[in-house]
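There are 2 protein chains.
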Amino acid sequence: MKKLINTPESVLDDALAGIAAAHPELAVDVEGRVIARAGGPRPGKVAVISGGGSGHEPLHGGFVGPGMLNAACPGEVFTSPVPDQMLSAAKAVDSGAGVLFIVKNYTGDRLNFQMAAELAEDEDITVETVLVDDDVAVRDSTWTAGRRGTGATVFVEKIVGALAEQGADLTTVAEMAKRVNAASRSFAVALTACTAPAAGKPGFDLPDDEIEVGVGIHGEPGRSREKIRSAKDIVASCMDALLDDQPLAAGEETIVMVNGLGATPLIELYVVFNEVAAVLAAKDVTIARSLVGNYVTSLDMAGVSITVCRADADMLSLWDAPVNTSALRWGA
Amino acid sequence: MKKLINTPESVLDDALAGIAAAHPELAVDVEGRVIARAGGPRPGKVAVISGGGSGHEPLHGGFVGPGMLNAACPGEVFTSPVPDQMLSAAKAVDSGAGVLFIVKNYTGDRLNFQMAAELAEDEDITVETVLVDDDVAVRDSTWTAGRRGTGATVFVEKIVGALAEQGADLTTVAEMAKRVNAASRSFAVALTACTAPAAGKPGFDLPDDEIEVGVGIHGEPGRSREKIRSAKDIVASCMDALLDDQPLAAGEETIVMVNGLGATPLIELYVVFNEVAAVLAAKDVTIARSLVGNYVTSLDMAGVSITVCRADADMLSLWDAPVNTSALRWGA
């Protein structure tokens, strides 16, 4: 294993110290493992909090800032954060208007966020929780009962972050989070396995001419192991999986993310985006907004995920609202 | 070789088509291989153009937009663009106020941009050229006479792009480009080699426990082959190389970029940034602004480059000016 780290045990602490050094606009509690906006809560605004295992950066810390998250709780690499982190984050950012927890559907994350919600209610903080479960590849997997939560998390955090910024109440914000999740589907393909620092070796074996189709963001198995093919053919498989699960009609508008899993060159992501655009254009489906880059990664895994959200006018308007985070920034 | 491509020959065309599909705010000439801002030249504004071999994305196409480049000319992967591309770009974006070519110091790039400048002058377009040569690792290398141009290109393009936006004339803009280059130093370390699509195999062999210290952005050899060490030790070597070449005094202000070479997880880049910040803090040198992420990549190479610019007040003010490109965006 070759990594730019000091020790496997210190990766998260060292990275959080680096985030604190690089981003003075954030309040980073290295010991307590909470990344929040500096300046505390804004009266009347619903606070939006997310979190999960580290190793998926920029998710979630890179999305903390005006127009998106109020705080993020990073666990150890590929390990759920503990309830104390979410409780501490909730206490730090709640203005009295309540807190939305955005939780990717992994068993550990669900349980720990649920416990945190109970602890927060004990302290008179109102909490709503939304589960993100957009990955159509498998139902029930190594780490999850039901579908895994992956790329749609970015869409939920952006759109709901904008809505909360506009002053919507907790019920309205939670409702929109569910709408965005329900409208989004993801599918991923891995070209290589990733290596978690504590494991010291790749999470699975993948021969030199094969890809894992439907892979999860921790290297969980997908639907099938297949020979590497052209980008066009790989995208066709992914889009078939997405559109089988959520058909799109001519004239519908979408937000599309072509997301690198960590070790994929950007030039390849644009090759993939071109194929995605061709598939949707052939169905007269419009890509109204898009992201191409590394947003939800799996450490050093090579591969790509594709997320398609069937977007209504409200979602597009909230998507366009100003956002000012380290990983997503426009209009601000 | 496993890559998300159709054929090695079509990578650039397919990626350019993807860029065009993802970024309607750009005018992408796929056939002519020019990425320009949509909307044509703005009267009185100096046009800023850069370019070079592909495989370093988001450099340069990701930096085209208000506040930064007017156009970028991508060559084939790791291959200089041809003079016709720069000429075509110059004709498309020159407003009559002249054109600045920002050229990384590689022999092919120098020669082709020089020829393009002569062709442009024949068409009554005034051209100034600035060479970027910030990499302190080696003097004269496989691809270069003199120092290689790497990370500082981002600083030059951002700062000079802002100055041109403010209406400065060509001489002033070119002068600032030289100042930023002269104030900047870079040094890189590779953990793995990269694989160019046309080559089909890694550009060099690197054992499982070794790193290439002082590597170039095409995998050119550096100063030494060493055993992998802690991030702290690796950063100490890099910073020694940077500060030997350009000592920094207590109280001085810098812009620092910790840049992933393509396959490095963002969490590791923050670990590295933390160590860089510690080295500079120990010298009472201020990191006034910073970037942490993938800005000048080498396809799927794992590794990091560190760029430090000794920044004066003008540079910091121009750094803060609005920029609106796919890879760098703030205040807009």
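Sequence order for the protein chains is F and G. So for the first sequence, the UniProt record's numbering puts the first residue at 1; every next one is plus one. So for the second sequence, the UniProt record's numbering puts the first residue at 1; every next one is plus one. Glycine included, each C-beta is placed from N, C-alpha and C at the ideal position. Just so you know, these numbers come straight off a predicted model, no measurement behind them.
Using C-beta distances below 6 angstroms, list every residue in its chain close to residue i, excluding the 5 sequence neighbours before and after it, in chain order.
i	result
Pro58 of chain F	Ala327
Gly98 of chain F	Val46, Thr126, Leu170
Leu316 of chain F	Ala288
Ala27 of chain F	Ala36, Ala38
Arg223 of chain G	Ala137, Val213, Gly214
Leu269 of chain G	Val258, Gly260, Val292
Gly151 of chain F	Ser186, Met257, Asn259, Val296, Ser305, Thr307
Ser298 of chain G	Cys194, Ile217, Leu261, Gly262
Met239 of chain F	Val279
Thr142 of chain G	Glu220
Glu128 of chain F	Leu100, Leu170, Ala174
Ala250 of chain F	Asp284
Return the Cβ separation of residue i and residue j in integer angstroms, given the expectation that the two are a contact with Cβ distance under 8 angstroms.
i	j	result
Thr107 of chain F	Val132 of chain F	With 8 angstroms as the limit, Thr107 of chain F and Val132 of chain F do not qualify as a contact, their Cβ atoms being about 14 angstroms apart.
Glu220 of chain G	Ala321 of chain G	Glu220 of chain G to Ala321 of chain G, Cβ: 34 angstroms. No contact.
Leu242 of chain G	Ile306 of chain G	7 angstroms
Gly260 of chain F	Gly293 of chain F	7 angstroms
Glu157 of chain F	Phe273 of chain F	In fact, because the Cβ distance is near 21 angstroms, the residues do not count as touching under 8 angstroms.
Val130 of chain F	Ala162 of chain F	Rounded, the Cβ-Cβ distance is 15 angstroms, inconsistent with contact.
Val279 of chain G	Val235 of chain G	7 angstroms
Val258 of chain G	Val304 of chain G	6 angstroms
Glu212 of chain F	Ala190 of chain F	4 angstroms
Val136 of chain F	Arg185 of chain F	5 angstroms
Gly55 of chain G	Ile267 of chain F	6 angstroms
Asn105 of chain F	Gly149 of chain F	4 angstroms
Gly75 of chain G	Gly53 of chain G	4 angstroms
Val173 of chain G	Ala92 of chain G	Going by Cβ atoms, the distance from Val173 of chain G to Ala92 of chain G rounds to 18 angstroms, so no, they are not a contact pair.
Ala231 of chain F	Val285 of chain F	Wrong, their Cβ atoms sit about 19 angstroms apart, outside the cutoff.
Within the same chain, show all residues whose beta-carbon is closer than 7 angstroms to that of residue i, passing over the 5 residues directly before and after it, in chain order.
i	result
Arg310 of chain G	Ala183, Gln246, Leu248, Glu252, Thr254
residue 376 of chain G	For residue 376 of chain G there is no data in the structure shown, the boundaries of chain G being 1 and 332.
His23 of chain G	Ser326
Leu69 of chain G	Val48, Ile49, Ser50, His60, Phe63, Glu157, Gly161
Glu67 of chain G	With the sequence shown as reference, residue 67 of chain G is identified as Gly, and Glu is not the correct amino acid for it. Same-chain partners within the cutoff: Gly161, Ala162, Glu165, Ala321, Pro322, Val323, Asn324, Ala332.
Ile159 of chain G	Met176, Val180, Met315, Leu318, Trp319
Asp94 of chain G	Pro41, Ala47, Ile125
Leu119 of chain G	Pro83, Leu87
Val276 of chain F	Val235, Met239, Val256, Val258, Ile306
Gly146 of chain F	Asn105, Asp133, Arg139, Asp140
Using DSSP bridges, identify the partner residues of residue i.
i	result
Met1 of chain G	Note: Met1 of chain G sits in no beta bridge, so no partner.
Leu16 of chain G	DSSP output for Leu16 of chain G lists no bridge partner at all.
Thr144 of chain F	F:Ser141
Gly167 of chain F	Partner(s): none; Gly167 of chain F has no beta bridge.
residue 363 of chain F	Limits of chain F in this structure are 1 at one end and 332 at the other, which puts residue 363 of chain F out of reach.
Asp29 of chain F	F:Val34
Asp280 of chain F	In the sequence as displayed, the identity of residue 280 of chain F is Leu instead of Asp. BP columns for Leu280 of chain F are empty, so no partner.
Leu291 of chain F	F:Met257
Trp330 of chain F	F:Val323
Met301 of chain G	G:Gly262
Ala47 of chain F	F:Val99
Thr286 of chain F	F:Glu253
Please return the same chain residues whose Cβ sits closer than 8 angstroms to the Cβ of residue i, not counting the five positions on each side in sequence.
i	result
Asn112 of chain F	Ser80, Pro81, Val82, Pro83, Met86
Ala168 of chain G	Val46, Met176
Pro265 of chain F	none
Arg110 of chain G	Val103, Leu131
Lys201 of chain F	Met1, Thr195
residue 344 of chain G	The structure shown does not extend to residue 344 of chain G, since chain G spans only 1 to 332, so no value can be given for it.
Val77 of chain F	Val11, Leu12, Gly53, Ser54, Gly55, Ala196, Pro197, Ala198, Leu299
Gly203 of chain F	Ala193, Cys194, Thr195, Ala196, His218, Gly219
query = For the region 249-275 of chain G, which residues have a CB atom closer than 7 angstroms to at least one CB atom of chain F, in sequence order?
reply = If the cut-off is 7 angstroms between Cβ atoms, the region 249-275 of chain G has Gly262, Ala263, Thr264, Pro265, Leu266, Ile267, Glu268, Tyr270, Val271, Val272, Phe273, Asn274 near chain F.
query = For the region 76-110 of chain G, which residues have a beta carbon sitting closer than 7 angstroms to at least one beta carbon of chain F?
reply = none
key: Continuous alpha helix (DSSP H) assignments of at least 4 residues falling wholly in the region 194-275 of chain G   = 231-245
inquiry  = At 4 residues or longer, what runs of the alpha helix (DSSP H) sit wholly inside the region 50-137 of chain F?
reply    = 83-93, 107-122
inquiry  = Give me the subset of the region 34-60 of chain G whose CB atoms are less than 8 angstroms from a CB atom of chain F, sorted by chain position.
reply    = Ser54, Gly55, Glu57, Pro58
request  = Could you list the residues in the region 202-230 of chain F with a C-beta less than 9 angstroms from some C-beta on chain G, going in chain order?
outcome  = Leu206, Asp208, Asp209, Glu210, Ile211, Ile228, Ser230
request  = Using a Cβ-Cβ cut-off of less than 7 angstroms, list which residues of the region 157-173 of chain F approach chain G; keep chain order.
outcome  = none
key: Selection of the region 3-16 of chain G by Cβ proximity to chain F, strictly under 7 angstroms   = Lys3, Leu4, Ile5, Asn6, Val11, Asp14, Ala15
task = Check distances from the C-beta atoms of the region 275-294 of chain G to those of chain F and list, in chain order, the residues that come in under 9 angstroms.
result = Glu275, Val276, Ala277, Ala278, Ala281, Ile287, Ser290, Leu291, Val292, Gly293, Asn294
ask   = In chain order, what residues of the region 129-158 of chain G put their CB closer than 8 angstroms to some CB of chain F?
value = Listed by position, the residues of the region 129-158 of chain G near chain F (Cβ gap below 8 angstroms) amount to none.
Where the region 60-71 of chain G meets chain F: residues whose CB sits under 8 angstroms from a CB there = Gly62
Members of the region 302-314 of chain F near chain G, C-beta cut-off 9 angstroms = Ala302, Gly303, Val304
query = Which residues, taken in chain order from the region 16-29 of chain F, show a beta carbon closer than 7 angstroms to some beta carbon of chain G?
reply = Ala17, Gly18, Ile19, Ala21, Ala22
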